[in-house]
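Here's the structure we're looking at; comments come further down.
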Amino acid sequence: MLYAIRSLPFLWGGLLITLQVSALVVLLSLVAGVILGVGIVYGPRWLYWPIRIYSDFLRGIPLLVLIFFIYYALPLIGLNFTNIMSVVVALAAFEAAHIIEVTRGAIQSIHRGQNEAAKAIGLRFTQRLLYVIAPQAIRRFLPPWINAVVDTVKGSALVSLVGIVDLTLAIQQVIGRTYVPMPLYILGAIMYFVINYILSSASRALEARFAYIRE
Amino acid sequence: MAASSSSLVVQIRGLKKSFGSNRVLDGVDLDVRKGEVVVVIGPSGSGKTTLLRCINLLETYDEGSIQVDGVEVGFHDGPGGVRQPRGDRELSRIRADIGMVFQLFNLFPHLTARENVMLGLRKVRGLHVAEAKRIAEQWLTRVGLADKFDSLPSQLSGGQQQRVGIARAVAMDPKVLLLDEITSALDPELVGEVLTVVQQLAKDGMTMIVVTHEMTFARDVGTRILFMDGGRIQIQGTPREVLTATGHERLKAFLARIEMMHH
Amino acid sequence: MAYHINYEFVWRHFNRLSWGLVLSLELAFVSILIGMVIGLSLALAYTGSGRFIRGAVAGYVEFIRNVPLLLLVYLVFYGVPSVGGFAYDATESFVITLSVYAGATMVEVFRAGLAAVPRGLIDAGKAIGLTGWQRMIWVRLPTMFRIVLPSLSNAFVSLFKDTSLASVIAVPELTYGAQWINTNSFRVIEVWSVVAPMYLVTGYLLLFLLQRLERRFTVH
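Going down the list, the protein sequences come from chains A, B and C.
Just so we're aligned, residue 2 is where the first sequence starts under our numbering, counting upward by one.
Just so we're aligned, residue 417 is where the second sequence starts under our numbering, counting upward by one.
Just so we're aligned, residue 86 is where the third sequence starts under our numbering, counting upward by one.
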């Protein structure tokens, strides 16, 4: 167990990578997912199917398969991304697919009368989104989105399989030197647990804050 | 009898609309002059709500023309004289001058009563906060909700919510007010307070098109009554003419059914 | 760099993929069965007990759901034998891991399902004189199963996709087969263009079949 504690400084570097990758992926997938989600609900017909197919396809395959594919295939089509860029692209694309669904669900759960009332007083499309739809959709968006963020952090562990020294790979490297697997795995589990538990608690707090919007 | 076009608020010619294979509006012609209260009655499926929703383009129409204050609502003239559907921006500008009150109120649940009324004033009319606030409070007081400025819709009764809905529509100073069965979703004892407000608006000269089942209201407040059935206006005239009509079978049957429901 | 698409290697070794798919399905199936047993017992324990047991169950669920599955796979495969002194093969280890993982999801599913049983049904059971146990067996559990069928279907497909992680400890399921072909031929685009649709189509087929099953059981 002592080995485990003494290895903390080294694990720290891995933890930072995990957090950085996760944060970047969360940001990219949020922007892409919400924009495409709004597009699939309000956009023209020809936009619906491409986004739909993208979302269904990426949610139907394992994340690991996507990471391997993008990691190995990108160089072949001439895109020489760094390791980190490849996995960020893969993870962000994967999560964005989920966020499209979350966004779609949140918007469509709002009664269509709201959009009609907003139209009736003369609000333009962006105004309707900003002042009427979004404030109501946020409440339904947050819990599943936080779930997606937690999934992102968990999914980030897979980057260890393509050589990126995140928390998981750092743990394995320490084990490789010290030969005490169990305490280190448990330590690693606790570290992931703490990060994600904080995120889930934030989710519950946010949910409570927006609960005043009753129908 | 030709009316001077300057007082013609709404002019509808040959309006047709289908939902798939269902012909909902089958050639409607209608003139509404300033200050009129036109009441539309008829069985469900007769197209009366669709007619209303076409006027502010919540529904598109297939054929015909709807003009509000001389402006064609749904289309503009594109290149080569072909008429093209209006885009969202233009529609928004047109809708700002048409007010609508909904059967299910459709108040914005995340905003207080005052904020519900202020939203259009600030974002569409471009008024400053103080001015919008003043007008909003003025209208909320006129509908009898002076003590409810800061209430959320969830804290209001149905009748109160609908009155906020009316204030929200009227505060925009619309050229015509569309009322879509605004009391149908209310408990009976709350209907009166809403109709009183509407009656006062009518007295103050608001041009209105009202779809309703409330025959007493139609008789007392309406200046003209339209009976719609099968997507067309079957009969129109003064309340007395229409409500005591003896010649029209379907109208009589409809009125009889309404009588039974209310007693 | 010119890359010529050539599926020959993939087809030659397609049995690794097809048998890999079968193994993936088996892993998912066994894990969800064991997971359901774990989940149901813990859900029942949770519903009927005091704060200590509830806390323990909640702790188990929260822990499993917040830790990456990959880490759990390593922990069980490499970590446990080092303290337990025994060894097991990769497949056994993965099934244990995935079952424990599934169990956590199942606890939530069953707990929510039990809570969703309409009070009226339970009261009707009381009214005809069934005891607590009898009500559980004849009224609450059957109803709960019908309610949770959609969640079970989704969980199963999810677990099927999660079996891809078995590849990291060399269990010869579908993703492992794909990686083998990948590293032995570098036919990257070909192999993943076959394997990704295999997951996708199998997933949809499973959902479709499970929905047919649902319809036969749902009373509406």
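Built from N, CA and C at the ideal position, the CB exists for glycine as well.
These numbers were taken from a predicted model, which means no experiment stands behind them.
query, result
"Do you know how far the Cα of His526/B is from the Cα of Arg129/A?", "13 Å"
"Quick check on Gln137/A: does DSSP put it in helix, strand or coil?", "helix"
"With 7 Å set as the bound, which would you pick, yes or no: does the beta-carbon of Ala189/C sit closer than that to a beta-carbon of chain A?", "no"
"At the 7 Å Cβ level, is Lys120/A part of the contact set with chain B, yes or no?", "yes"
"Based on the DSSP secondary-structure assignment, which residues constitute the bridge partners of Arg449/B?", "Leu424/B"
"For Gln427/B, is the classification buried or exposed, using 16 other Cβ atoms within 10 angstroms of its Cβ as the cut-off for buried?", "buried"
"Flag this pair as yes or no: are the beta carbons of Gly120/C and Ala187/C separated by less than 7 Å?", "yes"
"By how many angstroms is the C-alpha of Leu226/C removed from the C-alpha of Thr104/A?", "34 Å"
"Between Lys433/B and chain A, is any beta-carbon pair separated by less than 7 Å?", "no"
"Tell me which residues share the same chain as Asp596/B and place their Cβ nearer than 8 Å to its Cβ, disregarding the 5 neighbours each side in the sequence.", "Thr465, Leu468, Arg469, Met516, Val517, Phe518, Gln519 and Val627"
"Under a three-way DSSP split, which group does Asp596/B fall into?", "strand"
"Could you check if Asn472/B is buried or exposed, using at least 16 other CB atoms within 10 Å of its CB as the buried criterion?", "buried"
"Glu208/A and Pro136/A - do their beta-carbons sit closer together than 7 Å?", "no"
"Just to confirm the assignment: which complete alpha helix (DSSP H) runs, minimum length 4, are found wholly within the region 463-530 of chain B?", "464-471 and 504-512"
"Measuring only between beta-carbons, confirm whether Pro235/C sits less than 7 Å from chain A.", "no"
"Give me the chain C residues within the contact set of Tyr193/A, using Cβ-Cβ distance strictly less than 8 Å, ordered along the chain.", "Asn151, Val152, Pro153 and Leu156"
"On a CA-only basis, which of Pro182/A, Ala94/A and Leu188/A is nearest Ala33/A? Give me that one, please.", "Ala94/A"
"In chain B, which residues lie with their C-beta within 9 Å of the C-beta of Glu208/A?", "Here the premise fails: no neighbours, minimum Cβ distance about 15 Å."
"Run through chain C and tell me which residues come within less than 9 Å of Thr169/A, C-beta to C-beta.", "Pro153, Leu155, Leu156 and Tyr159"
"Determine the extent of the beta strand (DSSP E) in which Met588/B is found, giving its start and end residues.", "No beta strand (DSSP E) holds Met588/B; DSSP gives it neither H nor E."
"Please confirm whether Lys309/C has its beta-carbon closer than 7 Å to some beta-carbon of chain A.", "Any property of residue 309/C remains undetermined from this structure, which presents chain C solely from 86 to 305."
"Give the range of the beta strand (DSSP E) segment to which Phe194/A is assigned.", "Taken as a continuous stretch (DSSP letters only), Phe194/A belongs to no beta strand (DSSP E), being part of the alpha helix (DSSP H) at Pro182 to Arg210."
"Where does Val35/A sit, in a helix, a strand or coil, going by DSSP?", "helix"
"Judging by CA-CA distance, which residue of Val498/B, Gln483/B and His629/B is the nearest neighbour of Asp447/B?", "Gln483/B"
"When we look at the beta-carbon of Glu675/B and count the other beta-carbons within 10 Å, is it buried (16 or more) or exposed?", "exposed"
"Can a CB atom of chain B be found closer than 7 Å to the CB of Arg53/A?", "no"
"Quick one: using the 10 Å Cβ neighbour count with 16 as the cut-off for buried, is Asn100/C buried or exposed?", "exposed"
"Quick check on Asn116/A - is its C-beta less than 7 Å from some C-beta in chain C?", "no"
"Check each candidate in Gln109/A, Thr169/A and Leu67/A and name the one with the smallest Cα separation from Val39/A.", "Gln109/A"
"Assuming the contact rule is C-beta atoms closer than 8 Å, Val95/C and Val279/C should be a hit. Round their C-beta distance to whole Å, please.", "6 Å"
"Using the C-alpha atoms, what's the distance from Val115/C back to Arg150/C?", "20 Å"
"Return yes when the Cβ of Leu200/A is within less than 7 Å of the Cβ of Gly15/A, no when it is not.", "no"
"Can you check whether the C-beta of Asn197/A is within less than 7 Å of a C-beta belonging to chain C?", "yes"
"So, helix, strand or coil for Lys432/B, using DSSP?", "strand"
"Give the residues of chain B in contact with Phe126/A, contact being defined as C-beta atoms less than 7 Å apart.", "Asp504"
"Rounded to whole angstroms, what is the Cα-Cα separation between Gly461/B and Arg502/B?", "27 Å"
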